[in-house]
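Residue numbers (the numbering used here): 41 to 566.
Have a look at this one:
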């Protein structure tokens, strides 16, 4: 054992210093060649010795390889940056307003890999994609609003696909004796808050392609569990998430939980919601020391991101109203129940000192105001939520602008929906911020951010240097998709969002389209 221990200690040391005697004698100065413990040079050296690495050498690019690296990295000092991962296609997300005003990202699955455009949802846990479809959204470019062909996953076409059995710890049917087909598969069904919206099918395990976020990016093949969604209903048939939903909740089935449990990342991730509709998602991101924070409310029954609000500030008016709220990127517009809804709305109305407009029943917002034809800039009061711990959560994006081209009427509305009981901070109130979901420390962090720079604390609005006034169109379709474009809805109305500036009263003068309001919060999961 003694002869073996020296080898084990040496091979698990972070670096190996290789000294060249010729270089030492040829020069008055000498140095060390530094090699990572799993580098090709160290591997060649170790295999030339009588004994190899216990358990074998992890294959480069595999989960075991990066888990081993991260396992070491976690032993570093707190001042050093933890490993971060992003989707292999890009860490960029895009708000697509014609599909529910949600943020979407491209993800690659299977062997050979197939790409999907999925909605990012912090209000649910399951990741699912359309699969061996019985009832799914249209996938051809001439039958959907994106103008692009969408893929469908099939387990039989992926060399790395495996069914999750009914006796798996990840299967909700494990203790119910309800599995079909002798227990070889684990069925699932998730119903969401949006009316008659659901996904059902069975669970599979396959490869999700990620990339390291460093100076030399490398592809990581991460085995994850997701839903083979055979039957979709309601909004999933075209209005939102037609190509899949990426659940980012706290449950052990969610992708962040899987990546963390395998040692690939710190148990945290961030999402940035840009004013121009472009955002970012980064797995393993624990935020920055200058971000503001509030603790999550821990509930063993619900694996959701819930925080406590202790008050609301609207302009110069403060209200001591306390409630808990979900932070949900899968909800289009923030929704509050009374008394919070009435306090915020009436204080907003009082600060404006303007006459409210009579709105059409198709518009879900109550507090709307006409804009005169000669009014180029509209001022609205700044809104902040006071959170548990004392930090203020700024609402940078509180209103939408609505124009009726037929009647030539222009108005803007407080983009807040009244609820009977649910309090949800939706995607629109997250805009202009980098939101950190730190599940290790159990805190929500936020910071004003432009989503283009790695680190930027400038006030809003911000534009990257040398960037055009309107962001470049995405290549989602033949003619591209511009997140700033307006959209016709209903009776000739054109719904447009206005962006704020950072001052005591926010000024709005830019536009982006809006789609229908969605609530992708799960009601039941089996």
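Glycine included, C-beta positions come from ideal geometry on N, C-alpha and C.
Here the structure is a predicted model, which is why all the values come from computation and not from measurement.
Worksheet item: With 16 other CB atoms within 10 Å as the buried threshold, where does residue 236 fall?
Response: Position 196 of the chain shown, counted from the start, is the residue given in the question as residue 236. Under this definition residue 236 is an exposed residue.
Worksheet item: Looking only at its own chain, which residues have a Cβ that is under 6 Å from the Cβ of residue 429, when we skip the five neighbours before and after it?
Response: Translated into the one-based positions of the chain shown, residue 429 becomes position 389. Correct list, in chain order: 334.
Practice prompt. Using beta-carbon positions only, say whether residue 244 and residue 268 come within less than 7 Å of one another.
Written response: For the purposes of this step, residue 244 is taken as the residue at position 204 of the chain shown. For the purposes of this step, residue 268 is taken as the residue at position 228 of the chain shown. In contact: residue 244 and residue 268 (Cβ atoms closer than 7 Å).
Discussion item. For residue 264, which residues in the same chain have their Cβ closer than 6 Å to its Cβ, ignoring the five residues on either side in sequence?
Written reply: Taking the chain shown and counting its residues from 1, the one referred to as residue 264 is at position 224. These residues qualify, in order along the chain: 248, 295, 298.
Discussion item. Under DSSP, the alpha helix (DSSP H) around residue 212 begins and ends at which residues?
Written reply: Taking the first residue of the chain shown as position 1, residue 212 is located at position 172. Segment: none, residue 212 is in no alpha helix (DSSP H) and carries neither H nor E.
Worksheet entry | residue 381 - containing alpha helix (DSSP H), residue span | As a working mapping, residue 381 is identified with position 341 in the chain shown. Counting along the chain, the alpha helix (DSSP H) containing residue 381 begins and ends at 380 to 392.
Worksheet item: Straight-line CA distance for residue 203 to residue 419?
Response: If you number the chain shown from 1, residue 203 lands on position 163. If you number the chain shown from 1, residue 419 lands on position 379. Approximately 55 Å between the Cα atoms of the pair.
Practice prompt. Let me know the beta strand (DSSP E) ranges lying completely inside the segment 245 to 329, each 3 residues or longer, listed in chain order.
Written response: 259 to 273, 285 to 287, 308 to 313, 318 to 323
Worksheet item: Which ranges would you report for the beta strand (DSSP E) in the segment 137 to 197 if only whole runs of at least 3 residues count?
Response: 142 to 149, 154 to 161, 167 to 175
Worksheet entry | Coil, strand or helix - residue 470 by DSSP | Counting from one through the chain shown, the residue named residue 470 turns up at place 430. Residue 470: helix per DSSP, three-state reduction.
Worksheet item: What three-state label does DSSP hand residue 370 in the structure shown?
Response: Here residue 370 corresponds to residue number 330 of the chain shown, with the count starting at 1. Of the three classes helix, strand and coil, the one that applies to residue 370 here is coil, per DSSP.
Worksheet item: Under three-state DSSP, which class holds residue 545?
Response: The residue you call residue 545 lines up with position 505 of the chain shown. The pLDDT assigned to residue 545 is 40, lower than 50, so where the model puts this residue is not dependable; a value taken from the coordinates is nonetheless given after this. In this structure, residue 545 counts as strand in the three-state DSSP scheme.
Item to complete: Report buried or exposed for residue 241, applying the criterion of at least 16 other Cβ atoms within 10 angstroms of its Cβ.
Response: Within the chain shown, numbered from 1, the residue matching residue 241 stands at position 201. The residue in question, residue 241, is buried, as its Cβ has 16 or more Cβ neighbours within 10 Å.
Discussion item. Taking the beta strand (DSSP E) that residue 204 belongs to, which residues open and close that run?
Written reply: Taking the first residue of the chain shown as 1, we reach residue 204 at position 164. It is not in any beta strand (DSSP E) - residue 204 carries neither H nor E in the DSSP assignment.
Practice prompt. Kindly indicate which residue of 464, 406, 136, 470 has the alpha-carbon position closest to the one of residue 344.
Written response: Counting from 1 along the chain shown, the entry for residue 344 is found at position 304. Comparing Cα positions, the closest option is 464.
Practice prompt. Please go through the same chain and pick out, in chain order, the residues whose beta-carbon is closer than 8 Å to the beta-carbon of residue 352, but skip the five residues on each side of it.
Written response: Against the chain shown, residue 352 aligns to sequence position 312. For residue 352, where only same-chain residues beyond five positions count, the Cβ hits under 8 Å are 358, 359, 361, 380, 383, 384, 387, 423, 424, 425, 426.
Worksheet item: Along the chain, where does the beta strand (DSSP E) that runs through residue 353 open and close?
Response: Here residue 353 is taken as the residue at index 313 of the chain shown, counted from 1. Its beta strand (DSSP E) spans residues 346 to 354.
Worksheet item: Hey, quick one: how far does the beta strand (DSSP E) through residue 459 stretch, first residue to last?
Response: In the chain shown, the residue the question calls residue 459 occupies position 419. Residue 459 -> beta strand (DSSP E) spans 457 to 459.
Discussion item. Please return the same chain residues whose Cβ sits closer than 8 Å to the Cβ of residue 175, not counting the five positions on each side in sequence.
Written reply: Numbered from 1 along the chain shown, position 135 holds the residue referred to as residue 175. If we look at residue 175 and ignore the five residues flanking it on each side, its Cβ neighbours are 270, 271, 272, 273, 277.
Worksheet entry | Contacts around residue 66, its chain only, beta-carbon distance under 7 Å, and the 5 residues preceding and following it disregarded | Counting from one through the chain shown, the residue named residue 66 turns up at place 26. Confidence in residue 66 is poor, its pLDDT being 37 and thus under 50, which makes the residue's placement unreliable; the coordinate value appears in the next sentence. Same-chain partners within the cutoff: there are none.
Fill in: Which listed residue (281, 254, 421, 487) has its alpha carbon closest to that of residue 137
Residue 137 sits at position 97 when you count from the first residue of the chain shown. Among 281, 254, 421, 487, the Cα nearest to that of residue 137 belongs to 281.
Worksheet item: Roughly how many whole angstroms lie between the Cα atoms of residue 307 and residue 239?
Response: For the purposes of this step, residue 307 is taken as residue 267 along the chain shown, with counting starting at 1. For the purposes of this step, residue 239 is taken as residue 199 along the chain shown, with counting starting at 1. Approximately 27 Å, taken between the alpha carbons.
Fill in: Cβ separation of residue 149 and residue 169, assumed to be a contact under 8 Å, to the nearest whole Å
Residue mapping note: residue 149 aligns to position 109 of the chain shown, counting from 1. Residue mapping note: residue 169 aligns to position 129 of the chain shown, counting from 1. Their Cβ separation, rounded to whole angstroms, is 7 Å, which keeps residue 149 and residue 169 in contact under 8 Å.
Worksheet item: Between the beta-carbon of residue 126 and the beta-carbon of residue 253, is there less than 7 Å?
Response: Within the chain shown, numbered from 1, the residue matching residue 126 stands at position 86. Within the chain shown, numbered from 1, the residue matching residue 253 stands at position 213. Against a cut-off of 7 Å, the Cβ pair of residue 253 and residue 126 comes out as a contact.
Discussion item. In the DSSP output, which residue or residues are listed as bridge partners for residue 464?
Written reply: As a working mapping, residue 464 is identified with position 424 in the chain shown. Beta-bridge pairing links residue 464 to 366, 375.
Discussion item. Using a 10 Å radius around the Cβ and a threshold of 16 neighbouring Cβ atoms, would you call residue 234 buried or exposed?
Written reply: As a working mapping, residue 234 is identified with position 194 in the chain shown. By the Cβ-count criterion, residue 234 is buried, with 16 or more other Cβ atoms from all chains shown falling within 10 Å of its own Cβ.
Discussion item. For residue 300, count the other beta carbons within 10 Å of its own beta carbon; 16 or more makes it buried, fewer makes it exposed. Which is it?
Written reply: Within the chain shown, residue 300 is the residue found at index 260, counting from 1. Residue 300 comes out buried.
Item to complete: Count the other C-beta atoms from every protein chain shown that fall within 10 angstroms of the C-beta of residue 128, then say buried if there are 16 or more, exposed otherwise.
Response: Taking the first residue of the chain shown as position 1, residue 128 is located at position 88. Classification for residue 128: buried.
Fill in: Rounded C-alpha distance that separates residue 402 from residue 350
Here residue 402 corresponds to residue number 362 of the chain shown, with the count starting at 1. Here residue 350 corresponds to residue number 310 of the chain shown, with the count starting at 1. If you take the alpha carbons of residue 402 and residue 350, they lie about 32 Å apart.
Worksheet item: Where does residue 162 land, buried or exposed, given buried means 16+ other C-beta within 10 angstroms?
Response: Position 122 of the chain shown, counted from the first residue, corresponds to residue 162. So residue 162 ends up on the buried side.
Worksheet item: What does residue 132 pair with, by DSSP beta-bridge criteria?
Response: One-based indexing of the chain shown puts residue 132 at position 92. Within the DSSP secondary-structure output, residue 132 pairs in a beta bridge with 320.
Worksheet item: Shortest alpha-carbon distance to residue 437 belongs to which of 404, 372, 155, 482?
Response: Counted from its first residue, the chain shown places residue 437 at position 397. For residue 437, the nearest C-alpha among the options comes from 372.
Worksheet item: Roughly how many angstroms lie between the CA atoms of residue 475 and residue 364, to the nearest whole one?
Response: What you label residue 475 is simply residue 435 of the chain shown in a count that begins at 1. What you label residue 364 is simply residue 324 of the chain shown in a count that begins at 1. Straight-line Cα distance between these residues: approximately 18 Å.
Worksheet entry | Burial state of residue 369 (16 or more Cβ within 10 Å) | On the chain shown, position 329 is the one that residue 369 refers to. By the neighbour-count rule (16 or more Cβ atoms within 10 Å), residue 369 is buried.
Fill in: Buried or exposed by the 16-neighbour rule on C-beta atoms within 10 Å, applied to residue 398
Counted from its first residue, the chain shown places residue 398 at position 358. It counts as exposed.
Worksheet item: Rounded to a whole number of angstroms, what is the C-alpha to C-alpha distance between residue 316 and residue 188?
Response: Residue numbering aside, residue 316 sits at position 276 when the chain shown is read from its first letter. Residue numbering aside, residue 188 sits at position 148 when the chain shown is read from its first letter. The alpha-carbon atoms of residue 316 and residue 188 are separated by roughly 22 Å.
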